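Residue 267 in this note's numbering sits at position 250 of the sequence shown, and the numbers go up by one each step.
Backbone N, C-alpha and C fix where the C-beta goes; we use that ideal spot for every residue, glycine too.
Model, not experiment: these values are computed from the prediction.
Below is one structure, written out as structure tokens, with a few remarks after it.
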Amino acid sequence: MAILTKAPRGTQDVLPEQSAKWQHVERTALKVSELFGFKEIRFPTFEHTELFARGVGDSTDVVQKEMYTFNDKGDRSITLRPEGTAGTMRALIEHGVLGGALPVKVSYLTSCFRYEKPQAGRLREFHQFGAELVGAASPAADAEMIAMVSQIFDQLQIEGLSLEINSIGCPKCRADYNNALREYFRSHEEELCETCRGRLDRNPMRILDCKSPVCSKIAEGAPVILDYLCDDCREHFEELQERLSDLGIEYTVNPTIVRGLDYYTRTVFEFVSNAIGAQGTVCGGGRYDGLIELLGGPATPSIGFAMGIERLLLLMEKTGVPFPEEGSVDIYVGSMGRRASLEAANIVNSLRAEGFRAESDVVGRSVKAQMKYADKIGAVFSCIIGDSELENGKVAVKNMKQGTSDEVELDELIEYIYENRLGDVCGALEDGFSDLDGMNIPPEIKF
Ligand code: ATP
Ligand code: MG
18 MAILTKAPRG TQDVLPEQSA KWQHVERTAL KVSELFGFKE IRFPTFEHTE LFARGVGDST
78 DVVQKEMYTF NDKGDRSITL RPEGTAGTMR ALIEHGVLGG ALPVKVSYLT SCFRYEKPQA
138 GRLREFHQFG AELVGAASPA ADAEMIAMVS QIFDQLQIEG LSLEINSIGC PKCRADYNNA
198 LREYFRSHEE ELCETCRGRL DRNPMRILDC KSPVCSKIAE GAPVILDYLC DDCREHFEEL
258 QERLSDLGIE YTVNPTIVRG LDYYTRTVFE FVSNAIGAQG TVCGGGRYDG LIELLGGPAT
318 PSIGFAMGIE RLLLLMEKTG VPFPEEGSVD IYVGSMGRRA SLEAANIVNS LRAEGFRAES
378 DVVGRSVKAQ MKYADKIGAV FSCIIGDSEL ENGKVAVKNM KQGTSDEVEL DELIEYIYEN
438 RLGDVCGALE DGFSDLDGMN IPPEIKF
């Protein structure tokens, strides 16, 4: 049955040969966020549907069209998380974290689920790295979050992403703006899609975010929020720009960015690429000063962002960004006979305890087949232990690339590998990869 061997539409497997790239991106993001003082938070894959209806906003595309919602066996309405902010805020409120020292800085790596039309860069299960800076109202916080995204992209050696920022004001200035929008869209009411007609009264800003070509065309002529900002919001936006310039971060103001989720206030931003087609937004974020209160917590101004890992990897592959080389197998210790097989198992065990990647035969292959396998997995060194090696306490260690070999005392094998593998580590350092976690480095020299 095809259904047994075909993953559901809009989902993707990460096969072993791709996972090192994922780990590189994830590790880099976590590491940079750590430098900015963020700690990881993990939260459930599903929540009560109400959390997203409230938190994301029930006039958004996400809530109206894209959620995976079902009743569980206890007849509760449950939804697979479409994003990470609502769950994070629920967790912080539930555990009283917001009563402690502020700001709270948390980051997450998580899968998200949205029932969308699958295409390049748009999946039904996708992954985000996100971060939330909770309990800081100042534009300094906005600038710091943007600087963090920017450093993650720099560390990953990604080029060509442009930062677009906007302010969508606060509820105070938005009242006037919403009236102006309603007036404008009402004159085009007949042409709008059905969903947007429903949004006209409740939340006309959402029309600006509609993906239908007709609605987006009409939206081009709509009034822009920047003309309606109150003094406080304008000042906030100006200071953010001053701070970004001061940090040397290039940006453009794009008054059409409103972001797809209802909870945003003031600063919104996107990092956009034109190298990966229509789904070019790699990272989106913004300030959500009212969200925590809306969910029943203490009023806590906050800002966050999320980047799509699949889109990021797509961009890195399309633009030829280098990935660190995968750690290779340091040594394959082959064996001939049962006694030698036990010895080989002991040797690889000790090598692994020292931080080396070592393999021995677990299939019961002939010596010839073992060597073929060692070559296939790209072992840097190999050796074969048989009765005579056990007797002499010496083994010939072959350098698989150079074809040379050295006679090594069995109980000095670890020292031999240690000395000979250090050169590769230094090479990787020279290539500019500061994160060595993915490589086979003896723990003593990791920093
Ligand atoms: P889009 O406008 O592309 O639908 P969005 O505004 O819905 O994006 P956010 O909710 O802000 O996206 O999510 C943050 C990031 O997550 C996006 O910038 C994107 O990189 C990624 N993302 C969102 N939806 C998907 C999806 N269906 N498949 C893959 N990545 C996604
Ligand atoms: Mg979307």
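Is residue i near ligand 1, going by C-beta to nearest heavy atom under 7 angstroms?
i: THR273; result: no
i: VAL299; result: yes
i: GLY72; result: no
i: LEU427; result: no
i: LEU331; result: no
i: GLY104; result: no
i: LEU97; result: no
i: PHE53; result: no
i: LEU115; result: no
i: GLN296; result: yes
i: LEU21; result: no
i: PHE143; result: yes
i: LEU140; result: yes
What are the residues that DSSP puts in a beta bridge with residue i?
i: ASN88; result: SER94
i: ASN183; result: VAL285
i: GLY321; result: GLU149 and GLY303
i: VAL123; result: LYS56 and GLU149
i: ARG251; result: BP columns for ARG251 are empty, so no partner.
i: PHE130; result: GLU142
i: THR105; result: Note: THR105 sits in no beta bridge, so no partner.
i: GLU211; result: None; GLU211 has no bridge partner.
i: GLN172; result: Its beta-bridge partners do not exist; DSSP assigns none.
i: TYR349; result: GLU376 and SER399
Less than 8 angstroms between C-beta atoms, sequence neighbours within five positions excluded: which residues of the same chain meet that for residue i?
i: GLY313; result: ILE110
i: LEU115; result: LEU109, VAL121, VAL151, GLY152, ILE309, GLY314, PRO315 and THR317
i: ARG26; result: PRO135 and ARG141
i: SER422; result: ALA413, VAL414, LYS415 and ASN416
Can you tell me whether residue i sits near ligand 2, meaning its C-beta is under 7 angstroms from at least one heavy atom of the ligand?
i: GLY325; result: no
i: GLY91; result: no
i: GLY303; result: no
i: LEU351; result: Looking at the sequence shown, residue 351 is not Leu but Gly. No - ligand 2 has no heavy atom lying nearer than 7 angstroms to the Cβ of GLY351.
i: GLY277; result: yes
i: ASP193; result: no
i: ASP244; result: no
i: ASP78; result: yes
So, for residue i: in the same chain, excluding its five sequence neighbours on each side, which residues have a beta-carbon less than 6 angstroms away from its beta-carbon?
i: ALA316; result: GLU310
i: LEU150; result: PRO120, LYS122, ALA158, MET162 and ILE320
i: TYR280; result: TYR305 and LEU308
i: SER451; result: At SER451 the pLDDT is 47, less than 50, meaning the model places this residue with poor confidence and gives no usable figure here.
With a threshold of 7 angstroms on Cβ separation, who are the neighbours of residue i within its own chain once the five nearest residues in sequence on each side are excluded?
i: ALA24; result: ASP30
i: LEU97; result: THR62, PHE63, TYR85 and PHE130
i: THR22; result: none
i: LEU198; result: PRO221, MET222, ALA239 and PRO240
Meets three-Cβ-pair contact criterion under 8 angstroms: the region 94-108 and the region 318-331: yes
Touching by the beta-carbon criterion (3+ pairs, under 8 angstroms), the region 174-184 and the region 268-282: yes
Three or more C-beta pairs below 8 angstroms linking the region 333-340 and the region 166-176: yes
Inter-stretch contact at 8 angstroms, needing at least 3 Cβ pairs: the region 387-402 / the region 352-364: yes
Contact the region 189-197 vs the region 67-76: 3+ CB pairs below 8 angstroms: no
contact_flag[the region 208-221, the region 281-296] where n(CB pairs < 8 angstroms) is 3 or more: no
Contact between the region 296-304 and the region 203-214 (3+ Cβ pairs under 8 angstroms): no
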